[in-house]
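Chemist: Before we start, here is the structure in question, set down as structure tokens.
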Amino acid sequence: MGTRPVGEITRGTTGINRLRRSDRWLLHHPDVQAALADGGLVVDLGYGASPGTTLELAARLRTRNVVGLEIDPARVVPTVDGVRFRVGGFELAGLRPSLVRAFNVLRQYPEDAVGPAWARLQAGLAPGGLVLEGTCDELGRRCAWVLLDAGGPRTLTLAWDPFTVGRPSDVAERLPKALIHRNVPGERVHALLASADRAWDVAAPHAVFGPRVRWRVARALLAEGGVPVLDHRRRVRDNVLTVPWSTVAPR
Numbered sequence: 239m240g241t242r243p244v245g246e247i248t249r250g251t252t253g254i255n256r257l258r259r260s261d262r263w264l265l266h267h268p269d270v271q272a273a274l275a276d277g278g279l280v281v282d283l284g285y286g287a288s289p290g291t292t293l294e295l296a297a298r299l300r301t302r303n304v305v306g307l308e309i310d311p312a313r314v315v316p317t318v319d320g321v322r323f324r325v326g327g328f329e330l331a332g333l334r335p336s337l338v339r340a341f342n343v344l345r346q347y348p349e350d351a352v353g354p355a356w357a358r359l360q361a362g363l364a365p366g367g368l369v370l371e372g373t374c375d376e377l378g379r380r381c382a383w384v385l386l387d388a389g390g391p392r393t394l395t396l397a398w399d400p401f402t403v404g405r406p407s408d409v410a411e412r413l414p415k416a417l418i419h420r421n422v423p424g425e426r427v428h429a430l431l432a433s434a435d436r437a438w439d440v441a442a443p444h445a446v447f448g449p450r451v452r453w454r455v456a457r458a459l460l461a462e463g464g465v466p467v468l469d470h471r472r473r474v475r476d477n478v479l480t481v482p483w484s485t486v487a488p489r
């Protein structure tokens, strides 16, 4: 008998192009590319009622070595363009992936379920593997995710549409489950969002050049103010802020 999937059936809402911002970030992250350099397996955990975002991930990463896992057997579909789909949960169906993407899954769980779920995913990774766990809104305009390796969480990334999101703290409603209840005074993530808003306000004179330029200035101000902002190797179309996990870790 097979191992029973670990987890709970969630709403399964999804949408075409919803995860484009995290996909673009993955595509250009050097550690992700290193993990997948030898054709490592990618698992998309909890893809929902439609496999569209799993197929998009495979296309953007330019690999067919992708397996979509769903805990609800009714959502499992036949192989599409080489991308396979199976029943599975946090136990990863016994697979040993080099990259796991788990988006909008833990958001529907209680906060105290995050640690055990992370640990289960980390334990299932191939050597050098990574987990991307995060949340976004229905249209993918506000996104936040944590990058983990076998040792624990490494970074938090906030990404948003420059033209529909007013200020950095508007992303707070989509913080990962590990942080969403920590956005209160005295917590590090609250301080980060407040600092990002202040830098955004100071950069207001650059708004005439558009929200992307304004955010680049604000991000530079954050770094000058002591926030350990992790640089991007290329100019991106999204407004993005990545910081070490220690910058936002719950107290």
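Its first residue numbered 239, the sequence shown is counted upward by one per residue in the working numbering. Here a beta-carbon is modelled for each residue, glycine too, at the ideal position from N, C-alpha and C.
Should Arg256 go down as buried or exposed, given a rule of 16 or more other Cβ atoms within 10 Å for buried?
Modeler: Buried.
Chemist: For Pro466 versus Pro488, is the C-beta distance shorter than 8 Å?
Modeler: Cβ distance not < 8 Å, so Pro466 and Pro488 don't count as in contact.
Chemist: Decide if Glu246 is buried, meaning its Cβ has at least 16 other Cβ atoms within 10 Å, or exposed.
Modeler: Label assigned to Glu246: exposed.
Chemist: Measuring only the C-alpha atoms, how far is Arg258 from His428?
Modeler: Between Arg258 and His428, the C-alpha separation is close to 26 Å.
Chemist: Only counting the same chain, and skipping five residues up and downstream in sequence, which positions put a Cβ closer than 8 Å to that of Val318?
Modeler: Answer for Val318: Pro289 and Leu293, listed in chain order.
Chemist: Give the secondary structure of Ala340 by DSSP, where H, G and I count as helix, E and B as strand, and everything else as coil.
Modeler: Three-state DSSP puts Ala340 in a strand.
Chemist: Whole angstroms is fine: what's the gap from Leu479's alpha carbon to Leu468's?
Modeler: Near 8 Å, if we compare the C-alpha coordinates of Leu468 and Leu479.
Chemist: By how many angstroms is the C-alpha of Ser260 removed from the C-alpha of Trp356?
Modeler: Distance between the alpha carbons of Trp356 and Ser260: 18 Å.
Chemist: Using the beta-carbon count (16 or more within 10 Å), is Ser484 buried or exposed?
Modeler: It counts as exposed.
Chemist: Look at Val305 and Leu264 and say whether their C-beta atoms are less than 8 Å apart.
Modeler: Not closer than 8 Å, so no.
Chemist: Determine the closest residue to Arg339 out of Thr301, Gly404 and Leu307, with distance taken between C-alpha atoms.
Modeler: Considering only alpha carbons, the answer is Leu307.
Chemist: Taking just the CA atoms, how far does Lys415 sit from Pro402?
Modeler: Sequence inspection shows Thr at residue 402; the Pro mentioned does not correspond to that position. Taking the straight line from one Cα to the other gives about 23 Å.
Chemist: Determine the burial state of Thr291: buried for a count of at least 16 other Cβ atoms within 10 Å of its Cβ, exposed for fewer.
Modeler: So Thr291 ends up on the buried side.
Chemist: Can you grab the Cα-Cα spacing for the pair Met239 / Gly332, in whole Å?
Modeler: Its pLDDT being 41, under 50, Met239 is placed unreliably in this model, and the value from its coordinates should be taken loosely. Distance between the alpha carbons of Met239 and Gly332: 13 Å.
Chemist: Taking the continuous alpha helix (DSSP H) assigned at Thr186, which residues delimit it?
Modeler: Past the edges of the chain, shown from 239 to 489, lies residue 186, and the structure says nothing about it.
Chemist: Comparing C-alpha positions only, which one of Asn421, Asp375, Glu329 and Ala437 sits nearest to Leu283?
Modeler: The candidate whose alpha carbon is nearest that of Leu283 is Glu329.
Chemist: Could you compute how far the alpha carbon of Val311 sits from the alpha carbon of Arg426?
Modeler: It should be pointed out that residue 311 corresponds to Pro in this sequence rather than to Val. Pro311 and Arg426: Cα-Cα distance of roughly 40 Å.
Chemist: Please report the straight-line C-alpha distance between Arg450 and Leu370, rounded to a whole angstrom.
Modeler: Looking at the two C-alpha atoms, the distance is approximately 25 Å.
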